[in-house]
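**Q**
There are 2 protein chains.
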Amino acid sequence: MGDKQNGLSRREAIAIAASGAVVAGLPGSASAKEAGQTVDVIIVGAGFAGLSAARELRRAGKSVVVLEADERVGGRTKAATLAGETIDIGGQWVGPTQTHLLALAKDYGVRVVPQYADGENIIDIAGRMARYRGETPGLADEDLAEFGAAVLQLETMAARLPVPRPWLAPEAPELDALTVESWLLVNVPGKPARELFRALIRAVMSSESADVSLLALLSYMASAGGLEALIATRGGAQDSLFEGSVWSIASKIAAELGGAVVLGAPVSRIEQDAKGVTATSAKGVWRGARVIVTAPPAMAARIAYAPPLPARRDGLTQRMPLGNVIKVALAYDRPFWREQGLSGLVISDKTEFGPWFDRGTSLTKGGALVGFFDGAPARRWADRTPAERRARVLDDLAEYFGEAARHPVDYVEEVWTLAPFQRGGYVSVPGPGVLTGFGSALLDPVGRIHWAGTETADAWVGYIDGAIRSGERAAKEVAGAP
Amino acid sequence: MGDKQNGLSRREAIAIAASGAVVAGLPGSASAKEAGQTVDVIIVGAGFAGLSAARELRRAGKSVVVLEADERVGGRTKAATLAGETIDIGGQWVGPTQTHLLALAKDYGVRVVPQYADGENIIDIAGRMARYRGETPGLADEDLAEFGAAVLQLETMAARLPVPRPWLAPEAPELDALTVESWLLVNVPGKPARELFRALIRAVMSSESADVSLLALLSYMASAGGLEALIATRGGAQDSLFEGSVWSIASKIAAELGGAVVLGAPVSRIEQDAKGVTATSAKGVWRGARVIVTAPPAMAARIAYAPPLPARRDGLTQRMPLGNVIKVALAYDRPFWREQGLSGLVISDKTEFGPWFDRGTSLTKGGALVGFFDGAPARRWADRTPAERRARVLDDLAEYFGEAARHPVDYVEEVWTLAPFQRGGYVSVPGPGVLTGFGSALLDPVGRIHWAGTETADAWVGYIDGAIRSGERAAKEVAGAP
Numbered sequence: 000m001g002d003k004q005n006g007l008s009r010r011e012a013i014a015i016a017a018s019g020a021v022v023a024g025l026p027g028s029a030s031a032k033e034a035g036q037t038v039d040v041i042i043v044g045a046g047f048a049g050l051s052a053a054r055e056l057r058r059a060g061k062s063v064v065v066l067e068a069d070e071r072v073g074g075r076t077k078a079a080t081l082a083g084e085t086i087d088i089g090g091q092w093v094g095p096t097q098t099h100l101l102a103l104a105k106d107y108g109v110r111v112v113p114q115y116a117d118g119e120n121i122i123d124i125a126g127r128m129a130r131y132r133g134e135t136p137g138l139a140d141e142d143l144a145e146f147g148a149a150v151l152q153l154e155t156m157a158a159r160l161p162v163p164r165p166w167l168a169p170e171a172p173e174l175d176a177l178t179v180e181s182w183l184l185v186n187v188p189g190k191p192a193r194e195l196f197r198a199l200i201r202a203v204m205s206s207e208s209a210d211v212s213l214l215a216l217l218s219y220m221a222s223a224g225g226l227e228a229l230i231a232t233r234g235g236a237q238d239s240l241f242e243g244s245v246w247s248i249a250s251k252i253a254a255e256l257g258g259a260v261v262l263g264a265p266v267s268r269i270e271q272d273a274k275g276v277t278a279t280s281a282k283g284v285w286r287g288a289r290v291i292v293t294a295p296p297a298m299a300a301r302i303a304y305a306p307p308l309p310a311r312r313d314g315l316t317q318r319m320p321l322g323n324v325i326k327v328a329l330a331y332d333r334p335f336w337r338e339q340g341l342s343g344l345v346i347s348d349k350t351e352f353g354p355w356f357d358r359g360t361s362l363t364k365g366g367a368l369v370g371f372f373d374g375a376p377a378r379r380w381a382d383r384t385p386a387e388r389r390a391r392v393l394d395d396l397a398e399y400f401g402e403a404a405r406h407p408v409d410y411v412e413e414v415w416t417l418a419p420f421q422r423g424g425y426v427s428v429p430g431p432g433v434l435t436g437f438g439s440a441l442l443d444p445v446g447r448i449h450w451a452g453t454e455t456a457d458a459w460v461g462y463i464d465g466a467i468r469s470g471e472r473a474a475k476e477v478a479g480a481p
Numbered sequence: 000m001g002d003k004q005n006g007l008s009r010r011e012a013i014a015i016a017a018s019g020a021v022v023a024g025l026p027g028s029a030s031a032k033e034a035g036q037t038v039d040v041i042i043v044g045a046g047f048a049g050l051s052a053a054r055e056l057r058r059a060g061k062s063v064v065v066l067e068a069d070e071r072v073g074g075r076t077k078a079a080t081l082a083g084e085t086i087d088i089g090g091q092w093v094g095p096t097q098t099h100l101l102a103l104a105k106d107y108g109v110r111v112v113p114q115y116a117d118g119e120n121i122i123d124i125a126g127r128m129a130r131y132r133g134e135t136p137g138l139a140d141e142d143l144a145e146f147g148a149a150v151l152q153l154e155t156m157a158a159r160l161p162v163p164r165p166w167l168a169p170e171a172p173e174l175d176a177l178t179v180e181s182w183l184l185v186n187v188p189g190k191p192a193r194e195l196f197r198a199l200i201r202a203v204m205s206s207e208s209a210d211v212s213l214l215a216l217l218s219y220m221a222s223a224g225g226l227e228a229l230i231a232t233r234g235g236a237q238d239s240l241f242e243g244s245v246w247s248i249a250s251k252i253a254a255e256l257g258g259a260v261v262l263g264a265p266v267s268r269i270e271q272d273a274k275g276v277t278a279t280s281a282k283g284v285w286r287g288a289r290v291i292v293t294a295p296p297a298m299a300a301r302i303a304y305a306p307p308l309p310a311r312r313d314g315l316t317q318r319m320p321l322g323n324v325i326k327v328a329l330a331y332d333r334p335f336w337r338e339q340g341l342s343g344l345v346i347s348d349k350t351e352f353g354p355w356f357d358r359g360t361s362l363t364k365g366g367a368l369v370g371f372f373d374g375a376p377a378r379r380w381a382d383r384t385p386a387e388r389r390a391r392v393l394d395d396l397a398e399y400f401g402e403a404a405r406h407p408v409d410y411v412e413e414v415w416t417l418a419p420f421q422r423g424g425y426v427s428v429p430g431p432g433v434l435t436g437f438g439s440a441l442l443d444p445v446g447r448i449h450w451a452g453t454e455t456a457d458a459w460v461g462y463i464d465g466a467i468r469s470g471e472r473a474a475k476e477v478a479g480a481p
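Chains A and B, in that order, are what the protein sequence lines are.
Sequential numbering of the first sequence, starting at 0, is according to numbering that gives the first Met the number 0.
Sequential numbering of the second sequence, starting at 0, is according to numbering that gives the first Met the number 0.
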């Protein structure tokens, strides 16, 4: 051992080890067998952010523990079995500019396969249903022109923002005083274009346009490289998915980390002092030089911090709610919609449920569809019974795909809004005033506490790729810290 | 003992008692001496809501325990000593329609004294300073006309809302899609009137007008009986204050409740089953038929619930941040501003700190001023040092009251935004989309869990009077529950 360990002097390291021994014996700590140890870095959360941070820190020669509240890894990604095949019932897609996720998939030998996008999409907005091909929504010409002009206006505003710190833009306070809905009311007077926007906000941020700050939407767009990148299949965020599941990558990273990943270990308390941090979990107490918290702000708020967090950070955690989402996947004996010339994509403001996508790939045996209750529909349906949701899903599907849709051979759902350690998805959505008032607290470490998670990403906020980027960034922060 | 106890059958009561004995022995519970007992109703929080609920339930013959996280009672009210006199450093005022607080003051023999309001007020908005008398802000005539017209427009909208459930109004979604700021930008084009509105929102809701949903502001107004009632001194919410402190009323109720109030007992977990509820706190485990949680939603979110809360309630707790406020009181050897013909009231958009009020009463020996950092200024100053805040306060005061203001004989402050169990004040402020999307969860019990606190009041939301009303209402709910 050299003069320095974990960037601390030997004297500090010894003090940490000693005080680690003390805290492990505190009342309320787990049995000696389960009690934690002293590591270089404690990571809270074994989603893609936490696992990526752990992987990077291990490579840099640091010892880590990843404390995961749930009994599984993956965070907002999760595998399910549908008609005997493994699928994702959480995050599932990857796009060509999501290079960090693509790199991980390559490293762990998980094959990327294109999203099925042949045939015609269905759009049913403002009472007008149409079939169309490709990425340009099938609105009537004048509505499409209005939609396009509004997109251009948004893209122009978004391109000026200094992501990941959009609150630094001179125009930020003005943009952050408006909801997306109030912007739409003024700038998109036509009902079809406006309703399509509302449906897309719902699909992309799992929130209603009244809930979202205009600055937050623009910042989200900028972080992805534009609205087109968010909503497109080919070349966009829904370009491809994974053989088996994207979750399998998380699982493989966790396997590599071995005993460093501790499941069923919700962290209830994080204490820091001049020498290090102590994390108390249901599986014991860990001591480290630094901690990386990857939970989204609203969930990180449910940990007790000593000393208490600064005003700006605590305030942020009170103001970054997760969107609302329920994801459903259905298997059929065959992809009958393809026989009707349909791609499986449906964008609708008439049904509760949607958008819909074909979940099949070249590897899928039968047919499969996947869809979402997003935003207000998710709120309306989350507290109802699975049977009620299923009945509604089948009604909605039959509307566009006919009676055959009523007879799936398998059906799985995940009510992310009820998931105890996520309580929503896909991402935390700032309302007006939040990014300008509290945004810096997303990224600024608090002493020995560092923040990660897709909300803190320098690109692709809200996506798995952003989660990975954030974990890698936090690992660098910690590795470089004194 | 009759056939029924706590509205439960004898068999249920025995089961509860038995299972209470079991949970008290769980790992992590306090020592036998400290371990809790079985009561009819567990109340979380010893602010005015919790204490009022406890008082009502006791009167109805129920046994209660009030578990308070802090080492004091009072919640968002708190006493401090200023130049040897007891004052309020939290909520302090009462108005003539705040009948529940007035009744309590009478019951406990705490004298109500009028807020000092003689002399001239100062207004310094949009670069124009003026002195004026009475309740009508001293703007230039045309600005005052614009301000008055806007107030009338707001009052008209507010009067139509069905408080305490404003989300039921047909126009609610439209009003809840806008921030107050975006409404001001369209409806109050003149800078002086608009800046005055911004200053008043800051003073009344401790928030920026960009943070607040228009529906939330209107609902807040309706709950108080109008904007005038919120902002006025004479006849309004700042009409009078209390001899000693309003906090002394909380203290007297707590004394009456005796051992039923347990301090230093933050509740970490609430479990409910078919037979009752179990609350785990740092001071032991209590079992009861029902629980009343009085903590504001963002703080109630930091308790773990088993089974997990429904989507709507959990979602609400992610979306009701507390405003930001720092309160400062200063004592002087004499009220020198009175000698200058000033009332002590200052409304300003130039200084960080304000509004200011004379804190003296007929009972005060020297002079005293009280003032606030509200909203964005509170965020900017909460994480700075007490010395930095004090220097800024004295600079701001000297701006209006002259150099004499730089020499207080005593100075106290409370940074409510840092208070560990409040993390803000005076009230939780819904942004756009929150009341329409989640508002019903403010009031709807979740099984055996009932909600109180000023945010849930049927009138005077955000005020001590509302807290009392909410506690009394929750007590009735519980007493009437099967």
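Every residue, glycine too, gets a C-beta built ideally from N, C-alpha and C.
(1) Can you check whether the CB of L216/A is closer than 8 Å to the CB of T435/A?
(2) Under three-state DSSP, which class holds W182/A?
(3) Counting Cβ pairs closer than 8 Å, one from the segment 158 to 171 of chain B and one from the segment 431 to 449 of chain B, do we hit at least three?
(4) A273/A to G446/A, Cα distance in whole Å?
(5) Is the segment 298 to 312 of chain B in contact with the segment 324 to 332 of chain B, if contact means three or more CB pairs nearer than 8 Å?
(6) Would a C-beta distance cut-off of 8 Å place A288/B and D39/B closer than the cut-off?
(7) Can you have a look at D69/B and say buried or exposed, based on whether 16 or more other CB atoms are within 10 angstroms of its CB?
(8) When the Cα atoms are used, what is the spatial distance from A480/A to A473/B?
(9) Please report the straight-line C-alpha distance between F196/B and Q152/B, rounded to a whole angstrom.
(10) How would you write the range of the alpha helix (DSSP H) that H483/A sits in, first residue to last?
(11) Cβ of P320/B less than 8 Å from any chain A Cβ?
(12) Using 8 Å as the cut-off, can you tell me whether the segment 227 to 236 of chain A makes contact with the segment 386 to 398 of chain A, which would need three or more C-beta pairs spanning the two stretches below that distance?
(13) For D87/A, I'd like the list of residues in its chain whose CB is within less than 8 Å of its CB, leaving aside the five on either flank, ordered along the chain.
(14) Would you say R378/B and R311/A are within 8 Å of each other, going by their C-beta atoms?
(15) Taking DSSP as the reference, what is the three-state secondary structure of E145/A?
(16) Below 8 Å, how does it come out for the segment 199 to 215 of chain B and the segment 55 to 64 of chain B: are there three or more Cβ pairs, yes or no?
(17) For a cutoff of 8 Å on Cβ pairs, would you count L177/A as touching chain B?
(18) Is the distance from the Cβ of I122/A to the Cβ of I346/A below 8 Å?
(19) What's the C-alpha gap between R193/B and Y399/B?
(20) Of all the CB atoms in chain B, is at least one closer than 8 Å to the CB of P385/A?
(21) Measure from the C-beta of V22/A to each C-beta in chain B and report whether the shortest distance is under 8 Å.
(22) Using the beta-carbon count (16 or more within 10 Å), is E84/B buried or exposed?
(23) Any beta-carbon of chain A closer than 8 Å to the one on N186/B?
(24) From F146/A to W285/B, what distance separates their C-alpha atoms?
(25) For the segment 380 to 406 of chain A, list the beta strand (DSSP E) runs that are entirely contained and at least 3 residues long, ordered along the chain.
(26) So which residues on chain A does P431/B lean against when the C-beta distance must stay under 7 Å?
(27) Where do the ends of the beta strand (DSSP E) carrying L66/B lie?
(28) Just mark V21/B as buried or exposed, buried being the case when its beta carbon has 16 or more other beta carbons within 10 Å.
(29) Flag P136/B as yes if its beta-carbon sits less than 8 Å from any beta-carbon of chain A, otherwise no.
(30) Run through the segment 278 to 309 of chain A for me and flag every whole alpha helix (DSSP H) of 4 or more residues, listed as ranges in chain order.
(31) Between P485/A and chain B, is the shortest Cβ-Cβ distance under 8 Å, so that the two count as touching?
(32) Taking only the alpha-carbon atoms, compute the straight-line gap between V477/A and G263/A and give it to the nearest angstrom.
(33) Answer yes or no: do W415/A and G424/A have a C-beta to C-beta separation smaller than 8 Å?
(34) Whose Cβ in chain A lies nearer than 8 Å to the Cβ of D382/B?
(35) Give me the Cα-Cα distance between S28/A and A403/B, rounded to the nearest whole angstrom.
(36) Look at the Cβ atom of M319/A, then the Cβ atom of P429/A, and state whether they are nearer than 8 Å.
**A** In this structure, then:
(1) No, these two residues do not count as a Cβ contact at 8 Å.
(2) Reduced to three states, the DSSP call for W182/A is helix.
(3) yes
(4) 9 Å
(5) The way I'd put it, the segment 298 to 312 of chain B doesn't touch the segment 324 to 332 of chain B; fewer than three beta-carbon pairs between them come closer than 8 Å.
(6) yes
(7) buried
(8) 50 Å
(9) 13 Å
(10) Residue 483/A lies beyond the range of chain A shown here (0 to 481); nothing can be said about it.
(11) yes
(12) no
(13) T76, K77, A78, A79, L240, F241, S244, V245, W246
(14) Yes, the pair counts as a contact, with Cβ atoms nearer than the cut-off.
(15) helix
(16) no
(17) yes
(18) yes
(19) 22 Å
(20) no
(21) Residue placement at V22/A is poorly supported in this model, since its pLDDT is 33, which falls under 50; the coordinates still yield a value, given next. No, its Cβ sits nowhere closer than 8 Å to a Cβ of chain B.
(22) buried
(23) no
(24) 58 Å
(25) none
(26) Within 7 Å Cβ-Cβ: T178, A209, D210, G430, P431.
(27) Run containing L66/B: 63 to 66, per the beta strand (DSSP E) assignment.
(28) Residue placement at V21/B is poorly supported in this model, since its pLDDT is 32, which falls under 50; the coordinates still yield a value, given next. By the neighbour-count rule (16 or more Cβ atoms within 10 Å), V21/B is not buried but exposed.
(29) no
(30) 296 to 299
(31) Residue 485/A is absent from the structure shown; chain A starts at 0 and stops at 481.
(32) 25 Å
(33) In this structure, G424/A lies closer than 8 Å to W415/A by Cβ.
(34) Going along chain A in sequence order, the residues near D382/B (Cβ under 8 Å) are P309, A310, R311.
(35) No answer about S28/A holds up, because its pLDDT of 35 lies below 50 and its placement is not dependable.
(36) In this structure, P429/A lies closer than 8 Å to M319/A by Cβ.
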